[in-house]
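Protein chains: 2
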Amino acid sequence: MRKRSDWSVLGQDEVTLLASGQSSYSYSAGESLYSMGEAGDGVYCVCSGTVAIRRLDAEGNSVLLQLAYPGDSLGYEAVLTGEPHRCNAEALGPANVCHIRSQTVRALLDKNPNLGLQFLRRTAASLDDAQDKLVHHATLSNRAKLAHLLLILMDRYGRLTADGASTLHLPVSRRDLASMIGARHETVSRIIGRFETDGIAYFSGRSVRIPQVNALVEEIRPQLVG
Amino acid sequence: MRKRSDWSVLGQDEVTLLASGQSSYSYSAGESLYSMGEAGDGVYCVCSGTVAIRRLDAEGNSVLLQLAYPGDSLGYEAVLTGEPHRCNAEALGPANVCHIRSQTVRALLDKNPNLGLQFLRRTAASLDDAQDKLVHHATLSNRAKLAHLLLILMDRYGRLTADGASTLHLPVSRRDLASMIGARHETVSRIIGRFETDGIAYFSGRSVRIPQVNALVEEIRPQLVG
DNA sequence: GGAATACATTGACAAACGTCAAATTTTATT
DNA sequence: AATAAAATTTGACGTTTGTCAATGTATTCC
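Chains as they are written, first to last, in the numbering used here: chain A, -19 to 206; chain B, -19 to 206.
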């Protein structure tokens, strides 16, 4: 697992230090790793399962900003800046997560500057992703954004069936789906209804069947409607 | 200038190395520092003026993602990841910008790991900013988002007048304003019209007069409309 | 200084979206 | 299994927003 994560840049003795300073925890669905406003107490590394990164606004609206998967490191911003966490992290299902104490993280960063550069590359990738979302929010319709989101989720949760169609088990609720594209959940319900009447995707609970992936791709090109 | 920038973490001899590897350039309004798709050729450091960071989508829509001010470093993501630039950088007015070649940047990062951590903190702040925008795009109306944007621009471009009002010289066009809040420029024109009939802000070209800043703050709380 | 070009405003209309409310289904709890 | 709670779907309605088109206003470039 470590080989496919940010910690792969560490040398042999550093791995020993890491091993001595980490603990492993099991979370069940809905459990919180950390919350907005708390001080950073270390870096969390997802070993299995999916972790949702959310932010709440002043009125209590929840926005799902990112899904974290095995190999991803979480919460290092708070450790490095000394600021409180800016997001909630919550297990979406059963998940195993390692925890490396702040003290150990700082020692490792001190020993091996490549770890810092690795975190920097990871943060830059997250920034790139967030900026792409901003562009989509500014230029795409909700329908196109939902189509795009389904395509992204297919990469990780999709399965090809024998007849050339694809199926997908959604890791999140309709409400979360809605917050990810910046729409109300009622709007998402209606877009789903239209996807079904248009034969583009069929939803049943969290299962989705997509006869032709290409039809989803077509949806993304914005307002070429006559 | 260097004292207030990311480079303030450097020691004496490193500053000497920096000085030997940098060049200073003057840009005039609209000139490009670098463009999407180009390889990173170094880090750009804004000395004076304002630089706009934009991204274009497949259809040519431009979204203004960020404004960079004196002390800000730009383009280091491309240097560190080896990937091409993901954004355009363009001077909004006359600007002085230093350029530090990739080779020098890498040498400095090698000598002083704190520089990398400094870039990491800066990137984390940008990510935080982008995620805040995502939350706003998901929860606020265009009117509220424009009010919020005006408040942010006031921090840097605002002046208090004798009668307790504030004035503001916008650094960007209406189109850019629109792309920053994810709306069409026609919509921005109409919101501006409504701000004027409601006595909240008066626009004349790029000059804005805001009689009571608090009135703008009130606009941000979403749909508490009867 | 005047033509050409880009930028901004306004109107009319239709489509998309949010809000409120009710009904239905799913999930969790006892 | 029964109940309670949460999530989802659907309908009706009004508002906001985008689109298209026309007009007016700045800027830029010869």
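We treat Cβ as the ideally placed atom computed from N, Cα and C, and that holds for glycine.
If you're wondering where the values come from, they're calculated on a predicted model, not measured in any experiment.
Exercise for the section: Residues of the segment 102 to 113 of chain A with a CB closer than 7 Å to any CB of chain B: list them in chain order, please. Expected result: Under the 7 Å Cβ criterion, the segment 102 to 113 of chain A contributes THR103, ALA104, SER106, LEU107, ASP108, ALA110, GLN111, LYS113.
Exercise for the section: Please determine, among B:ASP90, B:LEU(-3), B:GLN46, the residue with the shortest C-alpha to C-alpha distance to B:LEU72. Expected result: For the purposes of this step, residue 72 of chain B is identified with residue 92 of the second sequence, where counting begins at 1. B:LEU72 has its Cα closest to that of B:GLN46, out of B:ASP90, B:LEU(-3), B:GLN46.
Practice task
Report back the beta-carbon spacing between B:CYS27 and B:VAL85 to the nearest angstrom; my notes put them in contact at under 8 Å.
Solution key: Taking the first residue of the second sequence as position 1, residue 27 of chain B is located at position 47. Taking the first residue of the second sequence as position 1, residue 85 of chain B is located at position 105. Rounded, the Cβ-Cβ distance is 17 Å, inconsistent with contact.
Practice task
Please check if any C-beta of chain B sits within less than 8 Å of the C-beta of A:LEU(-2).
Solution key: Position 18 of the first sequence holds residue -2 of chain A. False, the Cβ-Cβ gap to chain B never drops below 8 Å.
Problem - Helix, strand or coil at A:GLN192 [DSSP, three-state] - result: Translated into the one-based positions of the first sequence, residue 192 of chain A becomes position 212. Residue state, collapsed to three classes: coil.
Problem - Sequence-distant residues of its chain with Cβ nearer than 7 Å to B:SER159 (five each side left out) - result: In the second sequence, counting from the first residue as 1, residue 159 of chain B sits at position 179. SER42, VAL43, LEU44, listed in sequence order.
Handout entry: Strand pairing of B:VAL31, partner residues [DSSP]
Key = Counting from 1 along the second sequence, the entry for residue 31 of chain B is found at position 51. For B:VAL31, which the question treats as bridged, DSSP gives the partners B:ALA48, B:ALA71.
Handout entry: Partners in chain A for B:VAL115, counting only beta-carbon separations shorter than 7 Å
Key = For this step, residue 115 of chain B is matched to residue 135 along the second sequence. What B:VAL115 touches in chain A: ARG35, ASP37, VAL43.
Problem - Reduced DSSP category for B:THR147 - H, G, I as helix; E, B as strand; rest coil - result: Residue numbering aside, residue 147 of chain B sits at position 167 when the second sequence is read from its first letter. The answer is strand: DSSP assigns B:THR147 an E or B state.
Practice task
Measure from the alpha carbon of A:LEU(-3) to the alpha carbon of each residue in A:SER6, A:GLY10, A:LEU89, then state which is nearest.
Solution key: By one-based count along the first sequence, residue -3 of chain A stands at place 17. Distance from the Cα of A:LEU(-3) is smallest, within the candidate group A:SER6, A:GLY10, A:LEU89, for A:LEU89.
Exercise for the section: Within the same chain, show all residues whose beta-carbon is closer than 7 Å to that of B:VAL59, passing over the 5 residues directly before and after it, in chain order. Expected result: The residue you call residue 59 of chain B lines up with position 79 of the second sequence. Excluding residues within five positions, the ones whose Cβ falls inside 7 Å are GLY20, GLY22, VAL23, SER82, VAL85.
Problem - Validate contact between the segment 137 to 149 of chain B and the segment 176 to 187 of chain B using beta carbons, cut 8 Å, 3 pairs - result: yes
Problem - Nonlocal neighbours in the same chain, by C-beta distance under 7 Å from A:ASP122, ignoring five residues either side - result: Your numbering for residue 122 of chain A matches position 142 in the first sequence. The sequence given here places Asn at residue 122 of chain A; Asp does not occur at that position. Closer than 7 Å at Cβ, skipping near neighbours: ILE161, ALA163, THR167, ILE171.
Exercise for the section: Put A:VAL115 into one of helix, strand or coil per three-state DSSP. Expected result: As a first step, residue 115 of chain A must be located in the first sequence, where it is residue number 135. Note: A:VAL115 maps to helix in three-state DSSP.
Exercise for the section: Would you kindly check if the distance between the Cβ of A:ALA75 and the Cβ of A:GLY29 is under 8 Å? Expected result: Taking the first sequence and counting its residues from 1, one reaches residue 29 of chain A at position 49. Taking the first sequence and counting its residues from 1, one reaches residue 75 of chain A at position 95. Yes, they are a contact pair.
Problem - Contact set for B:MET16: own chain, Cβ-Cβ below 8 Å, skip 5 residues either direction - result: The count along the second sequence starts at 1 and reaches residue 16 of chain B at position 36. Within its own chain, the residues whose Cβ lies closer than 8 Å to the Cβ of B:MET16, once the five positions on either side in sequence are excluded, are ARG35, LEU36, PRO64, HIS65, ARG66, CYS67, ASN68, listed in chain order.
Practice task
Whole angstroms is fine: what's the gap from B:GLY40's alpha carbon to A:THR119's?
Solution key: In the second sequence, residue 40 of chain B corresponds to position 60, counting from 1. In the first sequence, residue 119 of chain A corresponds to position 139, counting from 1. Those two C-alpha atoms are separated by around 10 Å.
Problem - Below-8 Å beta-carbon distance, B:THR84 vs any chain A residue - result: Taking the first residue of the second sequence as 1, we reach residue 84 of chain B at position 104. With 8 Å as the cut-off, B:THR84 does not count as an interface residue toward chain A.
Handout entry: Separation of B:SER(-15) from B:ARG102, as counted between CA atoms
Key = Locating residue 102 of chain B in the second sequence gives position 122, where the first residue counts as 1. Locating residue -15 of chain B in the second sequence gives position 5, where the first residue counts as 1. B:ARG102 and B:SER(-15) have their C-alpha atoms roughly 10 Å apart.
Handout entry: Contacts of B:THR61 in chain A (Cβ-Cβ under 7 Å)
Key = For the purposes of this step, residue 61 of chain B is identified with residue 81 of the second sequence, where counting begins at 1. ARG101, ALA104, listed in chain order.
Practice task
Can you tell me the Cβ-Cβ gap for A:PHE99 and B:LEU100, rounded? I've got them flagged as a contact below 8 Å.
Solution key: Taking the first residue of the first sequence as position 1, residue 99 of chain A is located at position 119. Taking the first residue of the second sequence as position 1, residue 100 of chain B is located at position 120. With a Cβ gap of about 6 Å, A:PHE99 and B:LEU100 count as contacting.
Handout entry: Cβ neighbours of A:HIS79 in the same chain (closer than 7 Å, five flanking residues each side left out)
Key = Reading the first sequence from its first residue, position 99 is the one you call residue 79 of chain A. Result list for A:HIS79: GLN2, SER3, TYR5, GLY22, TYR24, in chain order.
Handout entry: Cross-chain neighbours of B:ARG66 in chain A, by beta carbon under 8 Å
Key = The residue you call residue 66 of chain B lines up with position 86 of the second sequence. Under the 8 Å cutoff, chain A gives ASP108, GLN111.
Practice task
Give the single residue among B:ARG136, B:ASP156, B:ILE132 whose Cα lies nearest to the Cα of B:LEU196.
Solution key: For this step, residue 196 of chain B is matched to residue 216 along the second sequence. Selected option, being the one with the closest Cα: B:ILE132.
Practice task
Report the three-state DSSP secondary structure of B:GLY96 (helix, strand or coil).
Solution key: Locating residue 96 of chain B in the second sequence gives position 116, where the first residue counts as 1. Here B:GLY96 sits in helix by DSSP.
Exercise for the section: Could you tell me which chain B residues have their CB closer than 8 Å to the CB of A:PRO248, listed as they occur along the chain? Expected result: Nothing can be reported for residue 248 of chain A: it is not among the residues displayed for chain A, which extend from -19 to 206.
Problem - C-beta neighbour in chain B for A:ALA118, strict 8 Å - result: Residue numbering aside, residue 118 of chain A sits at position 138 when the first sequence is read from its first letter. Cβ-Cβ to chain B under 8 Å: yes for A:ALA118.
Problem - Closer than 8 Å at the beta carbon, the chain A residues around B:SER159 - result: Taking the first residue of the second sequence as 1, we reach residue 159 of chain B at position 179. Those are ALA118, listed as they occur along chain A.
Handout entry: Any chain B beta carbon closer than 8 Å to A:GLY20
Key = For the purposes of this step, residue 20 of chain A is identified with residue 40 of the first sequence, where counting begins at 1. For A:GLY20, no CB of chain B lies under 8 Å from its own CB, so it is not counted at the interface with that chain.
Problem - Cβ-based burial, B:GLU199 [other Cβ within 10 Å; buried from 16] - result: Taking the first residue of the second sequence as 1, we reach residue 199 of chain B at position 219. Burial call: buried.
Exercise for the section: Answer with buried or exposed for B:TYR56, where buried requires no fewer than 16 other C-beta atoms within 10 angstroms of its C-beta. Expected result: Residue mapping note: residue 56 of chain B aligns to position 76 of the second sequence, counting from 1. By the neighbour-count rule (16 or more Cβ atoms within 10 Å), B:TYR56 is buried.
Exercise for the section: Might you give, ordered along the chain, the residues of its own chain that have their beta carbon closer than 8 Å to the beta carbon of A:ALA104, omitting 5 neighbours on each side? Expected result: Locating residue 104 of chain A in the first sequence gives position 124, where the first residue counts as 1. Taken in chain order, the list of residues that qualify is empty.
Practice task
Say whether chain B places a C-beta atom closer than 8 Å to the C-beta of A:GLY162.
Solution key: As a working note, residue 162 of chain A is residue 182 in the first sequence. By this cut-off, A:GLY162 is an interface position.
Practice task
Within its chain, find whatever has a CB closer than 6 Å to the CB of A:SER8; leave out the 5 residues flanking it on each side and keep chain order.
Solution key: Looking up residue 8 of chain A in the first sequence gives position 28. Result list for A:SER8: PRO74, in chain order.
Practice task
Return yes when the Cβ of A:MET134 is within less than 8 Å of the Cβ of A:PRO50, no when it is not.
Solution key: Translated into positions along the first sequence, residue 50 of chain A becomes position 70. Translated into positions along the first sequence, residue 134 of chain A becomes position 154. Against a cut-off of 8 Å, the Cβ pair of A:MET134 and A:PRO50 comes out as no contact.
Practice task
Using a Cβ-Cβ cut-off of 8 Å, state whether A:GLY96 counts as contacting chain B.
Solution key: Your numbering for residue 96 of chain A matches position 116 in the first sequence. Judged by the 8 Å Cβ criterion, A:GLY96 is in contact with chain B.
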